[in-house]
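Residue numbers 1 to 395, in UniProt numbering, belong to the letters of the sequence shown in order.
Glycine included, each C-beta is placed from N, C-alpha and C at the ideal position.
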Amino acid sequence: MTYDLPTKEGYFGNFGGKFVPEILIPVLEELEEAYNEAWQDDEFQAEYRHLLNEYVGRPTKLTYTNRLTDHYGKAKIYLKREDLCHTGAHKINNAIGQILLARRMGKDRIIAETGAGQHGVATATACAKFGVDCIVYMGAEDMERQKLNVERMRLLGTEVRSVTSGSQTLKDATNEAIRDWVTNVEDTFYIIGSVVGPHPYPKMVRNFHKVIGDEIRDQLKEAEGREVPDHLLACVGGGSNAIGAFYPFIEDEEVKMYGLEAAGLGADTDETAATLTIGTPGVLHGSMSYLLHDADGQIQLAHSISAGLDYPGIGPEHSYLHETKRVQYHSITDEQAMEGVKLLSETEGIIPALETAHAIAYLDELMPNTEKDEIVVLNCSGRGDKDMTTISNNL
Ligand SMILES: *Cc1c(COP(=O)(O)O)cnc(C)c1O
Numbered sequence: 001m002t003y004d005l006p007t008k009e010g011y012f013g014n015f016g017g018k019f020v021p022e023i024l025i026p027v028l029e030e031l032e033e034a035y036n037e038a039w040q041d042d043e044f045q046a047e048y049r050h051l052l053n054e055y056v057g058r059p060t061k062l063t064y065t066n067r068l069t070d071h072y073g074k075a076k077i078y079l080k081r082e083d084l085c086h087t088g089a090h091k092i093n094n095a096i097g098q099i100l101l102a103r104r105m106g107k108d109r110i111i112a113e114t115g116a117g118q119h120g121v122a123t124a125t126a127c128a129k130f131g132v133d134c135i136v137y138m139g140a141e142d143m144e145r146q147k148l149n150v151e152r153m154r155l156l157g158t159e160v161r162s163v164t165s166g167s168q169t170l171k172d173a174t175n176e177a178i179r180d181w182v183t184n185v186e187d188t189f190y191i192i193g194s195v196v197g198p199h200p201y202p203k204m205v206r207n208f209h210k211v212i213g214d215e216i217r218d219q220l221k222e223a224e225g226r227e228v229p230d231h232l233l234a235c236v237g238g239g240s241n242a243i244g245a246f247y248p249f250i251e252d253e254e255v256k257m258y259g260l261e262a263a264g265l266g267a268d269t270d271e272t273a274a275t276l277t278i279g280t281p282g283v284l285h286g287s288m289s290y291l292l293h294d295a296d297g298q299i300q301l302a303h304s305i306s307a308g309l310d311y312p313g314i315g316p317e318h319s320y321l322h323e324t325k326r327v328q329y330h331s332i333t334d335e336q337a338m339e340g341v342k343l344l345s346e347t348e349g350i351i352p353a354l355e356t357a358h359a360i361a362y363l364d365e366l367m368p369n370t371e372k373d374e375i376v377v378l379n380c381s382g383r384g385d386k387d388m389t390t391i392s393n394n395l
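What follows is the structure, encoded as structure tokens:
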């Protein structure tokens with residue numbers, strides 16, 4: 001099977017596309033052209049790779065977990081350590097890639113939206129590194145809940161703009177960022193934080209993260225003499241860390257892949273973010289994908305214990321991989337995620353992010369069905385320091 005998506009128009013099957021105000025169409029075309037050129041350009045690649053190495057700290061380790069493996073007594077479990085990236089999660093891979101592109105396009109004003117603040121911090125970090133002006137839109141409610149990240153962004157020299165419309169959370173911040181972009185397209189580059197938004201963002205962000213899966217291949221070869229795992233797991237919010245790990249293995253049909261989304265209090269309750277489990281297709285923030293709607297077709301407020309999975313949509317490529325069943329998606333409750341945090345902390349001395357903990361929690365289901373000679377790789381998307389308050393309140 002060869003996998004060559006998205007199409008030229010930005011579709012993964014029925015999902016993706018460019019559902020944006022007309023004024024943005026030429027802007028997206030300009031972006032796509034600049035991206036395609038940059039991605040083929042050796043000089044761009046060299047600078048991007050150099051920064052990933054010297055600044056982000058790549059390649060990140062592939063750590064064998066002896067105690068976690070013994071805990072289940074089945075397949076060998078490895079962790080891909082994105083928690084060891086500068087700023088503590090994978091998001092910086094993409095922020096660095098996009099800021100290099102912005103510079104190449106001569107855009108010297110960066111905007112971004114953020115929910116939990118993690119993408120805001122990664123963007124603010126990259127902007128400080130390059131000395132570029134940065135404005136981050138954030139819901140007033142989220143600013144209250146994520147004070148520490150607001151302080152981080154400010155310390156890094158970013159202006160955080162409070163958004164007081166609607167539910168005052170991520171989807172409103174995204175609307176505001178899009179409004180700013182439409183008004184200031186000449187000099188402004190919009191850094192989107194996951195594999196969502198209109199084409200070419202889902203493809204571009206995927207490719208800035210595919211270094212994760214490429215490294216897994218090399219490192220597994222080194223450690224085990226084989227390039228592919230039997231099982232590959234990652235948590236899914238918008239889906240960027242997952243697609244970064246999955247994409248290089250999509251054509252290897254023997255690799256079973258699992259995307260773990262947040263069920264919140266339960267996929268059968270209103271307090272959930274289990275987009276693929278209970279959502280239906282629709283358009284949000286510029287692309288067609290699975291979404292959580294209420295009975296009137298309005299976007300539903302998502303809930304998850306982990307702020308980074310608390311999004312009512314999902315990247316269009318995941319909707320496609322779900323429908324074609326190439327990847328299995330399951331949902332994990334807040335309570336299960338807390339068990340996952342405890343398990344990895346106690347067995348391996350690694351406190352994972354609450355997002356990552358959703359993937360760890362799925363091991364309870366997966367591991368009994370594995371064999372001793374099989375290999376499991378779990379993408380450890382981030383570290384848990386940022387979540388300590390939530391974690392201690394829920395222990
Ligand atoms: C933001 C975040 C996620 C969720 O985003 P994806 O785009 O789905 O990867 C997962 N883990 C961590 C640590 C994050 O910060």
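Any non-hydrogen atom of ligand 3 closer than 7 Å to residue i Cβ
{"i": "residue 118", "result": "Inclusion of ligand 3 in the displayed structure is not the case, the ligand content consisting of ligand 1 alone."}
Under the three-state DSSP convention, the category residue i falls into
{"i": "residue 367", "result": "helix"}
{"i": "residue 19", "result": "coil"}
{"i": "residue 325", "result": "coil"}
{"i": "residue 278", "result": "helix"}
{"i": "residue 287", "result": "strand"}
{"i": "residue 200", "result": "coil"}
{"i": "residue 212", "result": "helix"}
{"i": "residue 7", "result": "coil"}
{"i": "residue 267", "result": "coil"}
{"i": "residue 62", "result": "strand"}
{"i": "residue 257", "result": "strand"}
{"i": "residue 307", "result": "helix"}
{"i": "residue 90", "result": "coil"}
{"i": "residue 2", "result": "coil"}
{"i": "residue 262", "result": "strand"}
{"i": "residue 272", "result": "coil"}
{"i": "residue 383", "result": "strand"}
{"i": "residue 237", "result": "coil"}
{"i": "residue 351", "result": "coil"}
{"i": "residue 167", "result": "coil"}
Enclosing alpha helix (DSSP H) for residue i [first to last residue]
{"i": "residue 120", "result": "118-130"}
{"i": "residue 180", "result": "170-183"}
{"i": "residue 378", "result": "No alpha helix (DSSP H) contains residue 378, which is instead part of the beta strand (DSSP E) from 375-380."}
{"i": "residue 163", "result": "Looking at the DSSP string, residue 163 is not in any alpha helix (DSSP H); the run it does join, the beta strand (DSSP E), is 159-163."}
{"i": "residue 147", "result": "147-155"}
{"i": "residue 33", "result": "25-40"}
{"i": "residue 403", "result": "Nothing about residue 403 can be read from this structure; the chain reaches only from 1 to 395."}
{"i": "residue 357", "result": "354-361"}
Residue j beta carbon less than 8 Å from that of residue i
{"i": "residue 153", "j": "residue 132", "result": "no"}
{"i": "residue 96", "j": "residue 52", "result": "yes"}
{"i": "residue 341", "j": "residue 351", "result": "yes"}
{"i": "residue 320", "j": "residue 15", "result": "yes"}
{"i": "residue 10", "j": "residue 199", "result": "yes"}
{"i": "residue 67", "j": "residue 348", "result": "yes"}
{"i": "residue 180", "j": "residue 375", "result": "no"}
{"i": "residue 258", "j": "residue 275", "result": "no"}
6 Å Cβ shell around residue i - same chain, five flanking residues per side excluded
{"i": "residue 38", "result": "44, 101, 104"}
{"i": "residue 308", "result": "116, 118, 237, 355"}
{"i": "residue 399", "result": "For the chain, the structure presents residues 1 to 395; residue 399 sits outside this window and is missing."}
{"i": "residue 83", "result": "380, 382, 383"}
Any chain D beta carbon closer than 8 Å to residue i
{"i": "residue 68", "result": "No chain D appears in this structure, which consists of one protein chain only."}
Boundaries of the beta strand (DSSP E) in which residue i is found, first to last residue
{"i": "residue 138", "result": "133-139"}
{"i": "residue 79", "result": "76-81"}
{"i": "residue 109", "result": "109-114"}
Residues near residue i in its chain [Cβ-Cβ closer than 7 Å; skip 5 each side]
{"i": "residue 339", "result": "361"}
{"i": "residue 266", "result": "272, 333"}
Cut-off 8 Å between Cβ atoms - residues of its own chain near residue i, not counting five sequence neighbours on either side
{"i": "residue 23", "result": "182, 185"}
task = Assess, as a yes-or-no matter, whether the stretch 291-311 is touched by the stretch 270-282 under the definition of 3 or more beta carbon pairs within less than 8 Å.
result = yes
query = Is the stretch 220-239 close to the stretch 352-362, with three or more CB pairs under 8 Å?
reply = yes
message = Taking contact to mean 3 or more Cβ pairs, one atom from each stretch, closer than 8 Å, check whether the stretch 279-289 and the stretch 243-260 are in contact.
response = no
ask   = At a cut of 8 Å, does the stretch 211-220 reach the stretch 138-157 through at least three beta carbon pairs?
value = no
ask   = Would you call the stretch 161-171 and the stretch 70-81 touching, i.e. three or more CB-CB distances under 8 Å?
value = no
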